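Engineer: Residues 2 to 126 (my numbering) make up the sequence shown, in order. Beta carbons: idealized from backbone N, C-alpha and C, even for Gly. Values in this document were obtained by computation on a predicted structure and should not be read as measured data. Dropping a structure here in structure tokens format, bear with me for questions.
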Amino acid sequence: MIYLGIDWGEKRIGLALADSETKIATPFKVAANVAEVLQVIEEEGIDLAVLGKPNSITNYQLRITNEEYNKFVEDLKAGIKIPLELADERLSSKAADALVGNKKTKAPRDAVAAMLILQSWLDKK
């Protein structure tokens, strides 16, 4: 199976890939909208998508992004025929910033955050 990790953001959507054999997530790319995510799902033969769910530290869904996030989820579900699982993404962007590297050597922050979301999900399975 091929898995897609998705870190939704208001401006960018980070994507990461993993497979059931290695169970190691790697940053893939950054998408601008749901259409680009759907294209990746088709082109890469994705079998299951894991979408980070934005929560605050106290486990409440963030109100600012709630409406936009829900619209993204609806659009994504309408465009795919594969399972979509939600995973806690608290502090994934902060953790992505903390990884070693610089702008020339490190994958984009959003793709790294997607990798962390997907790897956390894989580790729990």
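Out of curiosity, what's the CA-to-CA distance linking proline 55 and methionine 2?
Structural biologist: Their Cα atoms are separated by approximately 26 Å.
Engineer: What are the uninterrupted segments assigned as alpha helix (DSSP H) that are 4 or more residues long and contained completely in the segment 8-39, given in chain order?
Structural biologist: Correct list: empty.
Engineer: Assign lysine 78 to one of three DSSP states: helix, strand, or coil.
Structural biologist: Three-state result, lysine 78: helix.
Engineer: Starting from the C-beta of glutamate 69, find all residues in its chain whose C-beta is less than 7 Å away, skip the five residues before and the five after it, and write them out in chain order.
Structural biologist: Answer for glutamate 69: Glu11, listed in chain order.
Engineer: Alpha carbon to alpha carbon, how far is aspartate 89 from valine 113?
Structural biologist: C-alpha separation (whole angstroms): 15 Å.
Engineer: Between the C-alpha atoms of lysine 125 and aspartate 111, what's the straight-line distance to the nearest angstrom?
Structural biologist: Lysine 125 and aspartate 111: Cα-Cα distance of roughly 21 Å.
Engineer: Can you name the residues that DSSP bridges to valine 113?
Structural biologist: DSSP, once it has assigned bridges, lists no residue as partnering valine 113.
Engineer: DSSP three-state call for glutamate 90: helix, strand or coil?
Structural biologist: The answer is coil: DSSP assigns glutamate 90 none of H, G, I, E or B.
Engineer: Starting from lysine 54, trace the beta strand (DSSP E) in both directions and tell me its first and last residue.
Structural biologist: First-last of the beta strand (DSSP E) with lysine 54: 49-54.
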